[in-house]
Amino acid sequence: MNALSFIGNIVIVLGALIFATAALGIVRFPDAYTRISAVGTAGGLGTVFVIVGALLLQPSLTDTVKVVLIIILQLATSSIGSIAIARSAYLTRTKLSHVRFDDLAPPE
Amino acid sequence: MTWASWPWRLLSFCAWFAKELVVANGAVIHDNLTPGQRSTTGIARFPTRCSTDTEITLLAALITLTPGTLTLGTTISDGMNNDEADPGTRVLFVHGMYQVHADELRDVLDDMETRLLNALRRKGITE
């Protein structure tokens, strides 16, 4: 096992651990919006770590191009998906918890 | 700023955002793994300086990608709602997890917006 595949394995395990914390966050965080943020850690960093780890196990030029494309597409779609879920959560009047300020609330 | 420094600004913005992504992920994961909840959430109205749909879409996506801040929606101001917003200003509604006041959240977003627009526009932000 050379150094590159060693680092690759560590990065993959780190990414899997981030996925585990995101799953934990769905249970622990108080409302829909904070849960979306918790899952965002998996959709952002978690996926990137796992993919980059896989690249380090089998590095090649074409795979590097694919990884860059995957990361860009993954980040773009995960953020737009999060916005859509959060927007529909607000439109169906899902309650926020621990609120300190709300500029969207209708004026009294 | 001149157009010659544009690629450099774009690259340094990518580096800054990657760093920011790791820091924000660390904050959310830390809150997740330590006992208790220290989130102080809220929704802020954020009038942007974005002038095209590309800019506001990118800004909304990058805000959502940073864990702890979440774009809920967008609108175009009619100028009646808020004194500071001219008619036609693109407005974002952002949910923040760790800010106590709406102004605190707006400061964070304003910093990101300034960096993004400076990187995106070939001549930087020109008033």
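Quick note, the sequences are listed as chains A and B, same order.
For the first sequence, counting from 1, position 89 maps to 89 in my numbering; every step adds exactly one.
When you read off a place in the second sequence, starting at 1, and then add 1000, the result is the number in my numbering.
Idealized CB from N, CA, C, for every residue including glycine.
Assuming Arg28/A and Asn1032/B make a contact with CB atoms under 8 Å, what is their CB distance in whole Å? Indexing the first sequence from 1 puts residue 28/A at position 28. Indexing the second sequence from 1 puts residue 1032/B at position 32. Contact between Arg28/A and Asn1032/B holds, with the beta-carbon distance rounding to 6 Å and staying under 8 Å.
Any beta carbon from chain A within less than 8 Å of Leu1065/B's own beta carbon? Your numbering for residue 1065/B matches position 65 in the second sequence. Yes, its Cβ sits closer than 8 Å to a Cβ of chain A.
Interface residues of chain A facing Leu1011/B [CB-CB closer than 8 Å]: For the purposes of this step, residue 1011/B is identified with residue 11 of the second sequence, where counting begins at 1. Per Cβ cutoff of 8 Å: no residues; Leu1011/B is ~14 Å from chain A at best.
Residue closest to Tyr1098/B, alpha-carbon to alpha-carbon, out of Ser1039/B, Leu1116/B, Asp1053/B: Against the second sequence, residue 1098/B aligns to sequence position 98. The closest CA to that of Tyr1098/B, considering only Ser1039/B, Leu1116/B, Asp1053/B, is found on Ser1039/B.
If you measure between the beta carbons of Leu1021/B and Thr1066/B, is that distance less than 8 Å? Your numbering for residue 1021/B matches position 21 in the second sequence. Your numbering for residue 1066/B matches position 66 in the second sequence. With contacts defined as CB atoms closer than 8 Å, Leu1021/B and Thr1066/B qualify as a contacting pair.
Taking the beta strand (DSSP E) that Val50/A falls in, what are its first and last residues? The residue you call residue 50/A lines up with position 50 of the first sequence. In this chain, Val50/A is not harboured by any beta strand (DSSP E); it is covered by the alpha helix (DSSP H) spanning 47-57.
I'd like to check one pair, Thr92/A with Ile1029/B: are the Cβ atoms closer than 8 Å? Locating residue 1029/B in the second sequence gives position 29, counting from the first residue. Locating residue 92/A in the first sequence gives position 92, counting from the first residue. No. Outside cutoff.
Which ranges would you report for the beta strand (DSSP E) in the stretch 1043-1081 of chain B if only whole runs of at least 3 residues count? Listed in chain order, they are 1069-1076.
Whose CA, out of Gly44/A, Val50/A, Asp31/A, Asp63/A, lies closest to the CA of Ile80/A? For the purposes of this step, residue 80/A is taken as the residue at position 80 of the first sequence. When each option's Cα is compared against that of Ile80/A, the closest is Gly44/A.
Measuring only the C-alpha atoms, how far is Thr1002/B from Val13/A? Taking the first residue of the second sequence as 1, we reach residue 1002/B at position 2. Taking the first residue of the first sequence as 1, we reach residue 13/A at position 13. Their backbone Cα atoms lie some 44 Å apart in a straight line.
Is Val1028/B helix, strand or coil when you go by DSSP? To locate residue 1028/B, count along the second sequence from 1; it is residue 28. If DSSP states are grouped into helix, strand and coil, Val1028/B belongs with the helices.
Hey, is Arg28/A's beta-carbon within less than 8 Å of any beta-carbon in chain C? This model lacks chain C altogether, as its protein chains are A and B.
Would the stretch 1091-1106 of chain B and the stretch 1042-1056 of chain B be scored as touching if the rule is three or more Cβ pairs under 8 Å? Result yes; three or more Cβ-Cβ pairs closer than 8 Å.
Could you please give the first and the last residue of the uninterrupted alpha helix (DSSP H) stretch that includes Gly15/A? Position 15 of the first sequence, counted from the start, is the residue given in the question as residue 15/A. Per DSSP, the continuous alpha helix (DSSP H) segment holding Gly15/A begins and ends at 3-28.
Cross-strand partners of Asp102/A (DSSP beta bridge): Here residue 102/A refers to the residue found at position 102 of the first sequence. The partner list for Asp102/A (beta bridge, DSSP) reads Ile1043/B.
Within this structure, are the beta carbons of Val48/A and Ile83/A separated by less than 8 Å? Counting from one through the first sequence, the residue named residue 48/A turns up at place 48. Counting from one through the first sequence, the residue named residue 83/A turns up at place 83. 8 Å or more divides the Cβ of Val48/A from the Cβ of Ile83/A.
Beta carbon of Leu75/A nearer than 8 Å to that of Val67/A: Start at 1 with the first residue of the first sequence, and residue 75/A comes out as number 75. Start at 1 with the first residue of the first sequence, and residue 67/A comes out as number 67. With contacts defined as CB atoms closer than 8 Å, Leu75/A and Val67/A fail to qualify as a contacting pair.
Under a Cβ-count criterion, where at least 16 other Cβ atoms within 10 Å of its own Cβ denotes burial, should Phe101/A be classed as buried or exposed? Stepping through the first sequence from its first residue, residue 101/A is reached at position 101. Buried: at least 16 other Cβ atoms inside 10 Å.
Between the stretch 1102-1116 of chain B and the stretch 1046-1055 of chain B, are three or more C-beta pairs nearer than 8 Å? Taking 8 Å as the limit for Cβ pairs, the verdict is that the stretch 1046-1055 of chain B does touch the stretch 1102-1116 of chain B.
Which residues DSSP lists as bridging His1101/B, in chain order: If you number the second sequence from 1, residue 1101/B lands on position 101. The partner list for His1101/B (beta bridge, DSSP) is empty, contrary to what the question assumes.
Would you please state the rounded distance, in angstroms, between the beta carbons of Ser97/A and Asp31/A? I believe it to be under 8 Å. Numbered from 1 along the first sequence, position 97 holds the residue referred to as residue 97/A. Numbered from 1 along the first sequence, position 31 holds the residue referred to as residue 31/A. Yes, they are in contact, since the Cβ atoms of Ser97/A and Asp31/A sit about 4 Å apart, within 8 Å.
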